[in-house]
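A quick write-up on the structure given underneath.
Residue numbers (our numbering), protein chains in the order written: chain A, 21 to 347; chain B, 83 to 304.
Laid out in structure tokens, this is it:
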């Protein structure tokens, strides 16, 4: 019968038989699959441009808002820093009648502080002469005792940092000191505002991160629905979960990365548009904003986008495979 | 090679797909699984590559108890099993060559080995000349032969076929059965589920007859 037919069948050379496989190393196969997934991921941008780029722009807009706030916070710091640098000179008015020994001790103590660049003492007599010169008066000598205090002109190295603010406070509390020309309160306020923007943008980035994960996840979920049969087939012929999920990881990471890059482009454009009005404001504080290519911002947003895309693909892919494919 | 020991599969609706099924198929044998539609043939075949799991009983493949096998070892098991479906399960938007190459790509073979073996497999099923055609451009019979080439390209130890000739005319059905017999002849263990008794009777092959999930009869000792 047909059983005889089968036993006498001749299998041509090269036909599948159970001989040893010429399988290359797992590493080569792994690298080859990664390369193919990358190529396919990039090809999707061309093959399905509308859905891919719509997702990329949605990600970009979501990432751009916190990114813009971060950049704004950095500019506030910049303006604040420039303004505060002007305030780096602090006039310390000592109490009237402070004797020279105390003045000397106080000046020496100031010079020993790491944040102090220089000190210059203006004794009351010198102050009176300067005042007379400004008023174009030959002499202000009179029988009335000199009412001017000794003034120590102090120049700080980093007027905006915390140590300088603490030093101001310490000087103000010194019993020899009557008053300071600048207390650092505006510097403190600027720092608080800048810190607030900084923290707000990070919180927004965290919050909007979930939005990015959802946006990418939804796109990938639709892609998975289309590929459901293919994935079921791959599972049947021995594809591992990692093998099945890898193309998805590349799709997610590429969309996230491009979303981050487009977001940095949006921020750059927005900043360029706002340069003129911001510079008018900044000029009042003796500084200006320089809109440069935000390399750090581009790298940061690109990295954040890539990570969120990858995370989204992991979550969606694993969940889909668990429920839809017998992998 | 394939051992079912008191295997039952009960679905969530309470219906039994299989009930207390016991048999042992030694390595290199060819066996037909037959029975009416809904008798449990497909359920039985799905348990072998661990696409489904029994509610009770034990399925052993090559001595390995599938219930005790860790999930991460399923892909390795499945690479040793070729499966031919009635409805092909081909990727319609890809070329014939790509469909047949898929199991080898998944297993991580070198591209030159893939080309050599895919062409040999297509030659064996008479489709070498059609390797560049898209699957949705070829006939149903050709699609089934692509399905067979894909099941065999990885040189499986076990070949499962679920109603492989369901959509084909008698002449083509017989040709496909002959191809299965060829692979049996070189040592592949072959299980074919079919309700086409007329065709099955033309082959001197043991038959497991299922009825409502139970083994009704085993024809010819094996």
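We treat Cβ as the ideally placed atom computed from N, Cα and C, and that holds for glycine.
Whole angstroms is fine: what's the gap from residue i's alpha carbon to residue j's?
i, j, result
"residue 134/A", "residue 178/A", "10 Å"
"residue 121/A", "residue 188/A", "22 Å"
"residue 88/A", "residue 287/A", "6 Å"
"residue 102/B", "residue 137/B", "10 Å"
"residue 99/B", "residue 152/B", "24 Å"
"residue 331/A", "residue 134/B", "30 Å"
"residue 172/A", "residue 113/A", "7 Å"
"residue 43/A", "residue 165/B", "Residue placement at residue 43/A is poorly supported in this model, since its pLDDT is 48, which falls under 50; the coordinates still yield a value, given next. Computed Cα separation, rounded: 21 Å."
"residue 93/B", "residue 283/B", "32 Å"
"residue 61/A", "residue 268/A", "8 Å"
"residue 77/A", "residue 258/A", "37 Å"
"residue 287/B", "residue 238/B", "20 Å"
"residue 299/A", "residue 201/A", "28 Å"
"residue 119/A", "residue 181/A", "32 Å"
"residue 83/B", "residue 143/B", "6 Å"
"residue 72/A", "residue 275/A", "7 Å"
"residue 326/A", "residue 214/A", "27 Å"
"residue 23/A", "residue 57/A", "With a pLDDT of only 34 at residue 23/A, under the threshold of 50, the placement of this residue in the model should not be trusted; the figure read from the coordinates follows. Spanning the two alpha carbons is a distance of roughly 45 Å."
"residue 319/A", "residue 74/A", "22 Å"
"residue 290/A", "residue 296/A", "11 Å"
"residue 256/A", "residue 157/B", "8 Å"
"residue 139/B", "residue 199/B", "38 Å"
"residue 197/A", "residue 151/A", "21 Å"
"residue 249/A", "residue 59/A", "22 Å"
Is there a C-beta anywhere in chain E that falls below 8 Å from the one on residue i?
i, result
"residue 239/A", "Here the protein chains are A and B, and chain E is not one of them."
Please compile the residues from chain B whose C-beta is within a distance smaller than 9 Å of the C-beta of residue i.
i, result
"residue 270/A", "Correct list: empty, because the minimum Cβ distance to chain B is about 16 Å."
"residue 46/A", "190"
"residue 55/A", "Simply none; closest approach about 12 Å."
Please list, in chain order, the chain B residues whose beta carbon lies closer than 7 Å to that of residue i.
i, result
"residue 250/A", "173"
"residue 49/A", "190"
"residue 263/A", "188"
So with CB distances below 8 Å, who are the chain A contacts of residue i?
i, result
"residue 185/B", "257, 258"
"residue 160/B", "255, 256, 257, 258"
What in chain B is Cβ-close to residue i, meaning under 8 Å?
i, result
"residue 253/A", "171, 173, 184"
Is residue i helix, strand or coil by DSSP?
i, result
"residue 244/B", "strand"
"residue 189/A", "helix"
"residue 293/A", "helix"
"residue 149/B", "coil"
"residue 43/A", "Confidence at residue 43/A is low in this model, with a pLDDT of 48, below 50, so its placement is unreliable and no value can be given for it."
"residue 112/B", "strand"
"residue 150/A", "helix"
"residue 99/B", "strand"
"residue 218/A", "helix"
"residue 119/B", "coil"
"residue 139/B", "strand"
"residue 300/A", "helix"
"residue 283/B", "coil"
"residue 299/B", "strand"
"residue 106/B", "strand"
"residue 270/B", "coil"
"residue 196/A", "coil"
"residue 257/A", "coil"
"residue 92/B", "strand"
"residue 167/B", "coil"
"residue 336/A", "helix"
"residue 84/B", "strand"
"residue 240/A", "helix"
"residue 182/B", "helix"
"residue 248/A", "helix"
"residue 175/A", "strand"
Anything in chain A within Cβ reach of residue i, meaning under 9 Å, just list it in chain order.
i, result
"residue 123/B", "Residues of chain A passing the Cβ test: none, with the nearest at roughly 17 Å."
Quick one: which chain A residues come within Cβ less than 7 Å of residue i?
i, result
"residue 165/B", "256"
"residue 252/B", "Those within 7 Å of residue 252/B in chain A number zero; the least Cβ separation is about 14 Å."
"residue 157/B", "258, 259, 260"
With a Cβ-Cβ cutoff of 8 Å, do residue i and residue j count as a contact?
i, j, result
"residue 231/B", "residue 270/B", "no"
"residue 280/A", "residue 322/A", "yes"
"residue 281/B", "residue 255/B", "yes"
"residue 224/A", "residue 85/A", "yes"
"residue 215/B", "residue 176/B", "no"
"residue 113/B", "residue 130/B", "no"
"residue 285/B", "residue 267/B", "no"
"residue 121/B", "residue 294/B", "yes"
"residue 247/B", "residue 240/B", "no"
"residue 333/A", "residue 272/A", "yes"
"residue 116/B", "residue 291/B", "yes"
Is residue i close to the ligand FMN? I mean its beta-carbon at under 7 Å from any heavy atom of the ligand.
i, result
"residue 190/B", "This structure lacks the ligand FMN, and indeed carries no ligand of any kind."
Which runs of the alpha helix (DSSP H) spanning at least 4 residues fall entirely within the stretch 189-228 of chain B, listed in chain order?
193-206, all fully within the stretch 189-228 of chain B.
Could you tell me which whole beta strand (DSSP E) segments of length 3 or greater appear in the stretch 103-149 of chain A?
Within the stretch 103-149 of chain A, the runs of beta strand (DSSP E) at least 3 residues long that lie entirely inside it are, in chain order, 109-114, 136-142.
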